[in-house]
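For reference, the structure is listed below as structure tokens.
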Amino acid sequence: MAATSAKPSFVELYTPKLLTVLREGYGPASLKADAIAGLTVAIVALPLSMAIAIASGVTPDRGLYTSIVGGFIVSALGGSRFQIGGPAGAFIVLVAACVAAHGIDGLLLATFLSGLMLAAVGLLGLGTFIKYIPYPVTVGFTAGIAVIIFASQIKDLLGLTLAHEPGPLLPKLQALVGALPTVSPAAVLVTAVTIGIILAVRRLRPHWPSFIIGVAVASLGAALAGAPVETIGTRFGGIPQTLPMPHLPAFSWDKAVAVLPNALSFTLLGSIESLLSAVVADSMTGRRHRSNCELVAQGLANMASPLFGGICVTGNIARTATNVRSGARGPVSGMLHAVFLLLFMLIAAPLAAFIPLAALAGVLAVVAWNMAEKQEFATLIRASRGDAAVLLLTFLLVIFVDLTTGIVAGFVVSAMLFLHRIAQSVAIENGLPMLDEDKADGVNGNGQGPYDSRPATDPDMVVVRISGAFFFGAAAAVGAALDRIGEAPRTYVVDLSAVSLLDSTGAATLEGFVRKADRQGAVVHIAGAKRAVRRTLLAHGIRRPRVRFAASVNDAVAAGRGAGSGAGQAVAAAP
0 MAATSAKPSF VELYTPKLLT VLREGYGPAS LKADAIAGLT VAIVALPLSM AIAIASGVTP
60 DRGLYTSIVG GFIVSALGGS RFQIGGPAGA FIVLVAACVA AHGIDGLLLA TFLSGLMLAA
120 VGLLGLGTFI KYIPYPVTVG FTAGIAVIIF ASQIKDLLGL TLAHEPGPLL PKLQALVGAL
180 PTVSPAAVLV TAVTIGIILA VRRLRPHWPS FIIGVAVASL GAALAGAPVE TIGTRFGGIP
240 QTLPMPHLPA FSWDKAVAVL PNALSFTLLG SIESLLSAVV ADSMTGRRHR SNCELVAQGL
300 ANMASPLFGG ICVTGNIART ATNVRSGARG PVSGMLHAVF LLLFMLIAAP LAAFIPLAAL
360 AGVLAVVAWN MAEKQEFATL IRASRGDAAV LLLTFLLVIF VDLTTGIVAG FVVSAMLFLH
420 RIAQSVAIEN GLPMLDEDKA DGVNGNGQGP YDSRPATDPD MVVVRISGAF FFGAAAAVGA
480 ALDRIGEAPR TYVVDLSAVS LLDSTGAATL EGFVRKADRQ GAVVHIAGAK RAVRRTLLAH
540 GIRRPRVRFA ASVNDAVAAG RGAGSGAGQA VAAAP
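Position 364 (the sequence shown) corresponds to 363 in numbering that gives the first Met the number 0; numbering is contiguous.
What follows is the structure in structure tokens.
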């Protein structure tokens with residue numbers, strides 16, 4: 000007998016992968032591999048964390064605090080062996096909007112509340128449902144975010160002088176076009192050098208840290224040439240050399256209510272982004288993450304990050320993939336990545352003041368280009384009209400309205416299209432012969448065994464077969480087809496052996512058919528119903544004496560042959 004795996008216990012589902020790795024045996028070789036991977040990821044995360052923070056409307060040090068505090072907690076307590084946590088480009092739009100509306104205090108409070116929500120989602124086991132977000136929606140919102148990130152960097156890419164930069168895309172582009180006469184050639188040159196070096200390093204030495212090399216070379220060149228470009232030092236005065244003391248965000252009920260929509264948006268995007276990142280890591284390594292444990296860790300990280308002045312934390316696909324490619328063995332690499340970032344900040348913080356904002360904007364321009372998933376976008380456009388509609392709807396709403404609206408609308412339309420497709424697959428056939436003359440062995444068209452071997456000539460018995468998912472989307476069509484059965488026999492045989500799903504609406508439709516047959520004095524035999532289908536039927540009162548259940552159509556026909564021996568000629572109708 001084959002062994003069956005027991006359902007994982009609560010403790011197993013919420014055990015951090017760090018404990019799993021340590022139990023398996025963790026030696027010096029694994030520590031060395033994780034240290035190398037952690038250092039590599041830290042070098043990649045250093046410019047990205049500052050660039051994302053600046054693009055989000057906050058100071059660059061807050062991006063580093065997020066990677067250090069949030070990244071450590073995500074790796075130490077998460078349900079993925081390779082997840083790297085920190086600020087993500089996907090959050091730039093949401094964080095910037097929250098800062099503009101509620102200030103830094105409002106952002107910190109919204110992030111903390113989002114952490115509570117994420118932990119609750121994980122503890123309630125709802126992380127399992129995040130995987131049902133359709134692929135066109137994820138591609139659409141990722142591409143939309145990429146466009147918004149790039150648009151947010153145009154000002155620094157070109158060194159434009161702009162008193163106020165609007166948030167919405169169209170007003171932003173109008174303002175940027177109006178500011179084109181103020182373009183800075185020095186900034187454009189720094190941008191071009193940064194992007195050129197990043198692309199060249201990726202092509203010639205793909206395992207080298209292209210982001211840090213590009214930023215370092217551009218910063219050194221600009222400093223030596225005395226280029227008139229804006230830097231972290233000129234705009235922000237540099238970054239601190241240590242973590243601040245933790246303290247709770249300023250709280251009031253009015254403020255909490257005001258930032259609640261922002262917290263909900265952070266929670267929705269954070270759960271999707273982090274679990275997508277974990278899935279990518281699984282596909283690269285053959286491992287399997289614990290989704291709800293991962294969400295709990297993400298929640299705790301988002302509660303801890305604002306205590307130190309950090310912003311939203313989520314799993315980052317690019318840094319997680321870098322971690323895997325760098326040979327990481329487990330979560331220790333992510334923890335060490337946070338430690339290395341802290342050391343960089345303690346030792347090299349004064350050097351950050353010389354980094355041109357145009358160089359960091361160049362980094363984010365490359366990130367946006369890579370995020371866009373251009374090949375997947377084109378494939379979905381060609382795949383089907385339904386997928387193309389969902390993709391474009393999500394993409395355009397993310398760009399012109401907001402990200403949450405785009406995700407929700409895309410998901411709703413995807414669900415409706417899916418239900419329509421499933422409903423179209425349901426079919427009903429009535430008047431089926433009890434003798435399948437096309438098969439020598441007498442097996443019926445459903446493979447359920449032979450129908451009766453007598454000639455199909457008895458008008459007092461009608462065999463009806465329903466196949467597919469009989470749910471609310473198909474109930475009206477099936478009900479109409481049942482009503483169109485013209486005969487008034489003494490016996491109906493309803494074959495449900497090919498019904499894979501029956502919901503309450505489908506059961507109610509069958510109950511109405513049974514009630515109508517009962518008024519006509521006919522007996523209904525239900526054949527081949529699976530256990531779950533039969534349970535639903537019984538719950539809706541479809542039971543003896545109005546109906547009889549049989550294991551197969553053959554048994555039902557045999558039981559109902561009191562008034563004849565067959566049914567009429569086969570006629571099929573598909574709704």
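Ideal Cβ positions, reconstructed from N, Cα and C, are used throughout, including at glycine. Values in this document were obtained by computation on a predicted structure and should not be read as measured data.
Could you tell me the alpha carbon to alpha carbon distance between Ala162 and Ser183, rounded to whole angstroms? What you label residue 162 is simply residue 163 of the sequence shown in a count that begins at 1. What you label residue 183 is simply residue 184 of the sequence shown in a count that begins at 1. Rounded to whole angstroms, Ala162 to Ser183 spans 15 Å at the Cα level.
Three or more C-beta pairs below 8 Å linking the region 70–81 and the region 328–336: yes
Comparing alpha-carbon positions, which option in Ser79, Gly62, Ser66, Ala145 lies nearest Asn369? The residue you call residue 369 lines up with position 370 of the sequence shown. Looking from the CA of Asn369, the closest CA among Ser79, Gly62, Ser66, Ala145 belongs to Ala145.
Just the Cα atoms here: how many angstroms apart are Val546 and Ser424? For the purposes of this step, residue 546 is identified with residue 547 of the sequence shown, where counting begins at 1. For the purposes of this step, residue 424 is identified with residue 425 of the sequence shown, where counting begins at 1. Each residue's Cα considered, the two are about 27 Å apart.
Return the residue from the list Pro135, Val120, Pro86, Pro27 that minimises the CA-CA distance to Arg384. Here residue 384 refers to the residue found at position 385 when the sequence shown is read from its first residue. Nearest option by C-alpha distance: Pro135.
By the three-class DSSP mapping on this structure, what secondary structure does Ala414 have? As a working mapping, residue 414 is identified with position 415 in the sequence shown. Reduced to three states, the DSSP call for Ala414 is helix.
Return the CA-CA distance between Ala480 and Gly56, expressed in angstroms with no decimal places. Reading the sequence shown from its first residue, position 481 is the one you call residue 480. Reading the sequence shown from its first residue, position 57 is the one you call residue 56. The alpha-carbon atoms of Ala480 and Gly56 are separated by roughly 60 Å.
Inter-residue spacing [alpha-carbon to alpha-carbon] between Thr403 and Arg560: Within the sequence shown, residue 403 is the residue found at index 404, counting from 1. Within the sequence shown, residue 560 is the residue found at index 561, counting from 1. So the alpha carbons of these two residues sit roughly 60 Å apart.
How should Gly285 be labelled, buried or exposed, when 16 other C-beta atoms within 10 angstroms of its C-beta is the threshold for buried? Counting from one through the sequence shown, the residue named residue 285 turns up at place 286. A residue is called buried when at least 16 other Cβ atoms come within 10 angstroms of its Cβ; Gly285 does not meet this threshold and is exposed.
Measure the alpha-carbon distance for Gly84 versus Leu76 and round it to whole angstroms. Your numbering for residue 84 matches position 85 in the sequence shown. Your numbering for residue 76 matches position 77 in the sequence shown. Rounded to the nearest whole angstrom, the CA to CA distance from Gly84 to Leu76 is 11 Å.
Distance, Cα to Cα, Leu275 vs Asn315? Start at 1 with the first residue of the sequence shown, and residue 275 comes out as number 276. Start at 1 with the first residue of the sequence shown, and residue 315 comes out as number 316. Rounded to whole angstroms, Leu275 and Asn315 show a C-alpha spacing of 9 Å.
Enumerated in chain order, which unbroken segments of the alpha helix (DSSP H) with a length of 4 residues or greater are wholly contained in the region 173–221? 184–203
Let me know the secondary structure DSSP gives Asp502 once reduced to three states. Translated into the one-based positions of the sequence shown, residue 502 becomes position 503. Note: Asp502 maps to coil in three-state DSSP.
Taking a contact to mean a Cβ-Cβ separation below 8 Å, would you say Phe394 touches Ala150 in this structure? The residue you call residue 394 lines up with position 395 of the sequence shown. The residue you call residue 150 lines up with position 151 of the sequence shown. It is not a contact, given that the beta carbons lie outside the stated cut-off.
Can you tell me which of Phe399, Val552, Ser466, Ile67 puts its alpha carbon nearest to the alpha carbon of Glu428? The residue given as residue 428 occupies position 429 in the sequence shown. Ranking Phe399, Val552, Ser466, Ile67 by CA distance to the CA of Glu428 puts Ser466 first.
Run of the alpha helix (DSSP H) containing Phe9, from where it starts to where it stops: Here residue 9 refers to the residue found at position 10 when the sequence shown is read from its first residue. Counting along the chain, the unbroken alpha helix (DSSP H) around Phe9 starts and ends at 9–12.
Do you know how far the Cα of Ser264 is from the Cα of Pro248? Here the question's residue 248 lines up with position 249 in the sequence shown. Here the question's residue 264 lines up with position 265 in the sequence shown. Answer to the nearest angstrom: the Cα atoms are 19 Å apart.
Span separating the alpha-carbon of Asp60 from that of Thr241: For the purposes of this step, residue 60 is taken as the residue at position 61 of the sequence shown. For the purposes of this step, residue 241 is taken as the residue at position 242 of the sequence shown. Straight-line Cα distance between these residues: approximately 10 Å.
Which term fits His419, buried or exposed, when burial requires 16 or more other beta carbons within 10 angstroms of its beta carbon? Translated into positions along the sequence shown, residue 419 becomes position 420. Burial call: exposed.
Smallest Cα separation from Leu294: which of Ile310, Ala32, Thr266? Translated into the one-based positions of the sequence shown, residue 294 becomes position 295. Out of Ile310, Ala32, Thr266, Thr266 has the C-alpha closest to the C-alpha of Leu294.
Which one of Leu341, Val278, Ala224, Asn301 has the shortest CA to CA distance from Thr319? As a position in the sequence shown, residue 319 is number 320, starting the count at 1. Closest option to Thr319, Cα to Cα, is Val278.
Where the alpha helix (DSSP H) containing Ile147 begins and where it ends: Numbered from 1 along the sequence shown, position 148 holds the residue referred to as residue 147. Element bounds for Ile147: 134–157.
Through-space distance from Gly158 to Leu580, alpha-carbon basis: The structure shown has nothing for residue 580, since the chain only spans 0 to 574.
Top-ranked residue by Cα proximity to Ala41, from Ala28, Ile211, Leu12: Here residue 41 refers to the residue found at position 42 when the sequence shown is read from its first residue. That would be Ile211, whose Cα lies nearest to the Cα of Ala41.
Go to His524, then tell me how far its beta strand (DSSP E) extends in each direction, as first and last residue. As a first step, residue 524 must be located in the sequence shown, where it is residue number 525. 522–526 is the extent of the beta strand (DSSP E) around His524.
For Val575, list the residues DSSP reports as bridge partners. It is not possible to answer for residue 575, since the shown part of the chain is limited to 0 through 574.
Taking Cβ to Cβ, would you say Thr313 is nearer than 8 Å to Phe90? The sequence position of residue 313 within the sequence shown is 314, counting from 1. The sequence position of residue 90 within the sequence shown is 91, counting from 1. If you check the CB distance, Thr313 and Phe90 come in under 8 Å.
In chain order, what residues of the same chain lie with their CB nearer than 6 Å to the CB of Trp589, ignoring the 5 residues before and after it? Past the edges of the chain, shown from 0 to 574, lies residue 589, and the structure says nothing about it.
Within 7 Å: the Cβ of Val477 and any heavy atom of the ligand GTP? With respect to the ligand GTP, the structure shown offers nothing to examine, as it has no ligands at all.
Which of helix, strand or coil does DSSP assign to Val295? If you number the sequence shown from 1, residue 295 lands on position 296. Note: Val295 maps to helix in three-state DSSP.
Anticipated Cβ contact below 8 Å, Gly213 with Ile231, distance rounded: Here residue 213 refers to the residue found at position 214 of the sequence shown. Here residue 231 refers to the residue found at position 232 of the sequence shown. A Cβ-Cβ separation of about 16 Å leaves Gly213 out of contact with Ile231 under the 8 Å criterion.
Nearest by alpha-carbon distance to Met344: which of Val522, Gly237, Arg533, Gly520 is it? For this step, residue 344 is matched to residue 345 along the sequence shown. Closest option to Met344, Cα to Cα, is Gly237.
Cβ neighbour criterion (16 or more within 10 Å) applied to Met116: Position 117 of the sequence shown holds residue 116. Buried, because 16 or more other Cβ atoms sit within 10 Å of the Cβ of Met116.
Run through DSSP, which three-state label would Tyr25 get? What you label residue 25 is simply residue 26 of the sequence shown in a count that begins at 1. Correct three-state label for Tyr25: coil.
Using a Cβ distance threshold of 8 Å, determine whether the region 98–116 contacts the region 300–310, with at least three qualifying pairs required. yes
Under the three-state DSSP convention, the category Thr160 falls into: Numbered from 1 along the sequence shown, position 161 holds the residue referred to as residue 160. Here DSSP, grouped into helix, strand and coil, assigns Thr160 to coil.
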